[in-house]
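Protein sequence lines, in the order shown, are assigned to chains A and B.
Here my numbering is used: the first residue of the first sequence is -18, the next is one more, and so on.
Here my numbering is used: the first residue of the second sequence is 31, the next is one more, and so on.
Ideal Cβ placement from N, Cα and C applies to all residues, glycine included.
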Amino acid sequence: METISGIFDNKGTPLEKQKFTWKEMAGKPISKLDDDAFTRVRIILMNGVETDALRLKHGIARFNKELRLPLAEIRRVEQHQATMVNWLIGADHSPLETTVAYEQVAIEVTAAVAQNEPDRYQAQTYRFGLLEDFDHLYRYAAMLDRLEGKDANNILQGYTDLVPGRPISEHHRHPENDIRDNYEKGTAALITKIHAALITGAEYQTHDYYQNIGPLFADPLARQLYAEIASVEEQHVTQYGSLSDPSESHIEKWLVHEAMEVYMYASCAEQESNPRIKAMWERFLDYELGHLNVACEWFKKIEGRDPAEILAGPLPKMVEFKSQRDFVRQVLAAEVNLRTAGPAYVDKAKEPQSSLDYRNHLASQGLASDIVSAGYQWAPGGELMRKAS
Amino acid sequence: MAAAAKVGTNYTGVQMSPKDNKRLLDAVNDIHPDVPGDERGMLVERTERAAEADRIGSVPVPGSAKGMLKTGFDMMRGKSPEVFLDKLGERLAYERNGVRLYEAMIAKVKALDTPDTALVDTLTHIRNEEHEHMMLVHQAIETLGADPTAQTPCADVVGAMALGIVNVLTDPRTNVDQCLNALLTVELADNAAWELLIELAQAAGHPNIADSFTKAKTQEDDHLVKIKTLMRRDLIMQTK
């Protein structure tokens, strides 16, 4: 595996020089039609990262008076970073089209992470969640076609497959089967910690997005579909959130999160095809290095420890933003029948009764995901094109 | 502002990435739908949900004594004055929205590289007439003793309809022709709605209101012709 080192050795932009205007934050969106789908993938992902940065720092501030002001200062910048990033999505995306893009993010980024993850159990967890998000994409694509008469591949641009994954009718599990084993902070690689922070933040954003936009739909099936999938996203947040070590201190988690943000902006800047957006990723990479340095200073001051304990050593190469079709197909073929029993992965036949009872009750008055996707087979231009031929 | 359509790197179609899309089709051919059936299941479910649904809301009871009497009188004769009131509320909302749409359009036309003052004048004229129509309906609702500030169910529904139009008109990236197309949709519906409203006023026994609406209908006919002509002229000129 290729590695990188030294990305944390830069002081970045000092916090007091991290400034915005309202007009640049609410700037020109990307083109839904002419920009590469991976530009939108990076935008959605990094909005998820920034909103999770806010979430984590608010959590820390609840427990630490001394850190309230420094955290608030960084959060203010992160709020504005999140705005500038998220406002790049144009209003010609319907909420359902944006949803398709969110699932593309979940699939392509989780697949990249799963292949880079050195810890076998954690990698298994990413592959497990991946097959569920892959299935969500298929259900949403059917909904988009049958509700708005649009082709999901206009958003996906051929990078991501549109077929069933692990069927959503089997995603809903009892909470006891959603908790995963965590990495051990003393022995886990930095990249393992970064991955857990990244994917948890991304799924959190997806959950919140579905939870907010579900009620915007008039169609009762669309409303119920969002309810069903938002609930799985909450399970995913539970799952991925339990991958990190609960014995890490608040400041240690802050440090890992800032390192993750640096790593992700560096990944985005390295691969961005739109020059205007690339310049923004580079600017924010420098901002994040500034945030990381503040976090390091507080880590030294409060914990009396050297940040190198956490940040030293090489990282794998950058997260690859590209079609992970081959990997996803392999995982689908090999692991579609995996289920969970507590933190363990088991065959479908061994799924605990607690999850079966839980989902049977929820679906006892019907499952919108099944209804909207019944017999759905994608064709270029949408299923009506196939039926006409 | 972007003017007419241009050729560029639009990535949305399958021809832009034939290899990726071939592999996507391979997947679709290998892995079949897991749930049997087709889209007809959605229709069955929607029918069921429609049967179970509550209404959007109600037409408010007229607040003034005069209005109460009038409503009561018509009700006793087996008529439903709330139907007419609801449609009046709809027209008021639609015209009010129309004023804002034309204001957005004027801003867009002013952003053209070559200022088209004649077009701005035409749009301003229509905008002002939409405002007059809004006030005309406002007055008619008051005459009936009803509350023109209430949002009736039909007013709410046309508000939902208008959301897409508002997005088209206010998106800085849309060009004049795309916006004229949106305004054409608005004017076509508006024209038919005024025609119907006049008939409804007569049917509800309000000939004075029907008369007062005739001028508005004539002006709406003019709006429709103007928007249609502007759009046709501009697009044909670009196409030739």
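Original post:
Which residue or residues does DSSP assign as beta-bridge partners of Ala134(B)?
Top reply: Against the second sequence, residue 134(B) aligns to sequence position 104. DSSP lists no partner for Ala134(B).
Subject >> the segment 352 to 369 of chain A / the segment 61 to 81 of chain B touching (three or more Cβ pairs under 8 Å) >> reply: yes
**OP:** Please determine, among Arg36(A), Thr106(A), Thr79(A) and Phe115(A), the residue with the shortest C-alpha to C-alpha distance to Leu313(A).
**Re:** Within the first sequence, numbered from 1, the residue matching residue 313(A) stands at position 332. When each option's Cα is compared against that of Leu313(A), the closest is Phe115(A).
**OP:** Would you mind reading off the limits of the beta strand (DSSP E) that contains Val327(A)?
**Re:** What you label residue 327(A) is simply residue 346 of the first sequence in a count that begins at 1. Taken as a continuous stretch (DSSP letters only), the beta strand (DSSP E) holding Val327(A) covers Ala325 to Asp328.
Subject >> is_contact[Met105(B), chain A] using C-beta, thresh 7 Å >> reply: In the second sequence, residue 105(B) corresponds to position 75, counting from 1. Interpretation of Met105(B) is limited by its pLDDT of 37, a score under 50 that renders its predicted location unreliable; the figure taken from the coordinates is listed afterwards. Output row for Met105(B): interface = no.
Original post:
At a Cβ threshold of 7 Å, is Tyr83(A) touching chain B?
Top reply: Stepping through the first sequence from its first residue, residue 83(A) is reached at position 102. So no, Tyr83(A) is outside the interface.
Original post:
Cβ of Val196(B) less than 7 Å from any chain A Cβ?
Top reply: Residue numbering aside, residue 196(B) sits at position 166 when the second sequence is read from its first letter. No, Val196(B) does not count as interfacial toward chain A.
Subject >> Residues near Arg204(A) in its chain [Cβ-Cβ closer than 7 Å; skip 5 each side] >> reply: As a first step, residue 204(A) is located in the first sequence; it is residue number 223 there, counting from the start. Cβ neighbours of Arg204(A) beyond the five flanking positions: Gly195, Pro196 and Phe198.
Original post:
Between Leu115(B) and the rest of its own chain, which residues show a CB-CB distance below 6 Å, the 5 nearest in sequence each way excluded?
Top reply: On the second sequence, position 85 is the one that residue 115(B) refers to. Around Leu115(B): Val89 and Ala176.
Original post:
If the cut is a Cβ gap below 9 Å, which residues of chain A does Gly71(B) touch?
Top reply: In the second sequence, residue 71(B) corresponds to position 41, counting from 1. Those are Asp351, Ile352, Val353, Ala355 and Gly356, listed as they occur along chain A.
Original post:
Alpha carbon to alpha carbon, how far is Leu128(A) from Asp142(A)?
Top reply: Mapped onto the first sequence, residue 128(A) falls at position 147. Mapped onto the first sequence, residue 142(A) falls at position 161. C-alpha separation (whole angstroms): 20 Å.
Original post:
From this set, Leu270(A), Thr91(A) and Gly323(A), which residue's C-alpha is nearest Ala240(A)'s C-alpha?
Top reply: Counted from its first residue, the first sequence places residue 240(A) at position 259. Checking every option, the nearest Cα to that of Ala240(A) belongs to Leu270(A).
Subject >> Host beta strand (DSSP E) of Leu319(A) (start-end) >> reply: For the purposes of this step, residue 319(A) is taken as residue 338 along the first sequence, with counting starting at 1. Taken as a continuous stretch (DSSP letters only), the beta strand (DSSP E) holding Leu319(A) covers Leu319 to Ala322.
Original post:
When the cut-off is 7 Å and only beta carbons count, does Ala72(A) lie next to chain B?
Top reply: The count along the first sequence starts at 1 and reaches residue 72(A) at position 91. Cβ-Cβ to chain B under 7 Å: yes for Ala72(A).
**OP:** Rounded to whole angstroms, what's the CA-CA distance from Leu142(B) to Gln249(B)? Just pull it up for me.
**Re:** Within the second sequence, residue 142(B) is the residue found at index 112, counting from 1. Within the second sequence, residue 249(B) is the residue found at index 219, counting from 1. Approximately 27 Å between the Cα atoms of the pair.
Original post:
Under 7 Å between the Cβ atoms of Ile(-12)(A) and Ala260(A)?
Top reply: Numbered from its first residue, the first sequence carries residue -12(A) at position 7. Numbered from its first residue, the first sequence carries residue 260(A) at position 279. No, the Cβ-Cβ distance between Ile(-12)(A) and Ala260(A) is not below 7 Å.
Original post:
Does the segment 78 to 95 of chain A come close enough to the segment 31 to 50 of chain A that 3 or more CB-CB pairs lie under 8 Å?
Top reply: no
**OP:** Name, please, each residue of chain B whose Cβ falls closer than 7 Å to the Cβ of Gly139(A).
**Re:** Position 158 of the first sequence holds residue 139(A). Going along chain B in sequence order, the residues near Gly139(A) (Cβ under 7 Å) are Val44, Ser47, Asp50, Asn51 and Leu54.
Subject >> Spatial distance of Gly119(B) from Pro178(B) (CA atoms) >> reply: The sequence position of residue 119(B) within the second sequence is 89, counting from 1. The sequence position of residue 178(B) within the second sequence is 148, counting from 1. Approximately 7 Å, taken between the alpha carbons.
Subject >> Beta-carbon proximity check, Tyr119(A) vs Val144(A), cutoff 7 Å >> reply: The residue labelled residue 119(A) in the question sits at position 138 within the first sequence. The residue labelled residue 144(A) in the question sits at position 163 within the first sequence. For Tyr119(A) and Val144(A), yes; Cβs fall inside 7 Å.
Original post:
Taking the Cβ atom as the reference point for each residue, do Thr204(B) and Val198(B) lie within a distance shorter than 7 Å?
Top reply: Numbered from its first residue, the second sequence carries residue 204(B) at position 174. Numbered from its first residue, the second sequence carries residue 198(B) at position 168. Taking 7 Å as the Cβ cut-off, Thr204(B) and Val198(B) qualify as a contacting pair.
Original post:
Nearest chain B C-beta to Pro256(A) closer than 7 Å, yes or no?
Top reply: Here residue 256(A) refers to the residue found at position 275 of the first sequence. Not closer than 7 Å to any Cβ of chain B, the Cβ of Pro256(A) fails to qualify, so no.
Original post:
Which term fits Asn134(A), buried or exposed, when burial requires 16 or more other beta carbons within 10 angstroms of its beta carbon?
Top reply: Working through the first sequence from its first residue, we reach residue 134(A) at position 153. Buried is the call here.
Original post:
If Ile258(A) sits next to Ile25(A), beta carbons under 8 Å apart, how far is it from one beta carbon to the other, in whole angstroms?
Top reply: Stepping through the first sequence from its first residue, residue 258(A) is reached at position 277. Stepping through the first sequence from its first residue, residue 25(A) is reached at position 44. Contact doesn't hold; Cβ gap of about 13 Å is too wide.
**OP:** Could you pull the start and end residues of the alpha helix (DSSP H) that Asp307(A) belongs to?
**Re:** Along the first sequence, one-based indexing puts residue 307(A) at 326. Where Asp307(A) is concerned, the enclosing alpha helix (DSSP H) stretches over Arg306 to Glu316.
Original post:
Whose C-alpha, out of Val37(B), Lys52(B) and Val74(B), is nearest the C-alpha of Pro201(A)?
Top reply: Your numbering for residue 201(A) matches position 220 in the first sequence. Checking every option, the nearest Cα to that of Pro201(A) belongs to Val74(B).
Original post:
According to the neighbour-count rule (16 or more other Cβ atoms, all chains shown, within 10 Å of its Cβ), is Thr144(B) buried or exposed?
Top reply: As a working mapping, residue 144(B) is identified with position 114 in the second sequence. So Thr144(B) ends up on the exposed side.
Subject >> Local conformation of Pro297(A) per DSSP, three classes >> reply: Reading the first sequence from its first residue, position 316 is the one you call residue 297(A). Reduced to three states, the DSSP call for Pro297(A) is strand.
Original post:
Which residues bound the alpha helix (DSSP H) around Pro76(A)?
Top reply: Residue mapping note: residue 76(A) aligns to position 95 of the first sequence, counting from 1. Its alpha helix (DSSP H) spans residues Pro76 to Asn97.
Original post:
Interface residues of chain A around Ile61(B) at Cβ under 7 Å?
Top reply: By one-based count along the second sequence, residue 61(B) stands at place 31. In chain order: Val144 and Pro145.
**OP:** Can you tell me which of the three DSSP states Ile257(B) falls into?
**Re:** For this step, residue 257(B) is matched to residue 227 along the second sequence. Helix, per DSSP.
Original post:
What residues of chain A sit near Gly67(B), judged by a beta carbon separation below 7 Å?
Top reply: Taking the second sequence and counting its residues from 1, the one referred to as residue 67(B) is at position 37. Per Cβ cutoff of 7 Å: Ala355 and Gly356.
Original post:
What's the C-alpha gap between Gln268(B) and Lys258(B)?
Top reply: In the second sequence, counting from the first residue as 1, residue 268(B) sits at position 238. In the second sequence, counting from the first residue as 1, residue 258(B) sits at position 228. Each residue's alpha carbon lies about 16 Å from the other.
Subject >> Residue of Leu52(A), Cys249(A) and Tyr121(A) minimising C-alpha distance to Thr80(A) >> reply: The residue labelled residue 80(A) in the question sits at position 99 within the first sequence. Comparing Cα positions, the closest option is Tyr121(A).
Subject >> Same chain only: Cβ atoms within 7 Å of Ile180(A), ignoring 5 sequence neighbours per side >> reply: As a first step, residue 180(A) is located in the first sequence; it is residue number 199 there, counting from the start. Cβ neighbours of Ile180(A) beyond the five flanking positions: Thr91, Val94, Tyr107 and Tyr221.
**OP:** For the alpha helix (DSSP H) holding Ser51(A), just list the boundary residues, first then last.
**Re:** Within the first sequence, numbered from 1, the residue matching residue 51(A) stands at position 70. Note on residue identity: the sequence assigns Pro, not Ser, to residue 51(A). First-last of the alpha helix (DSSP H) with Pro51(A): Arg49 to Asn67.
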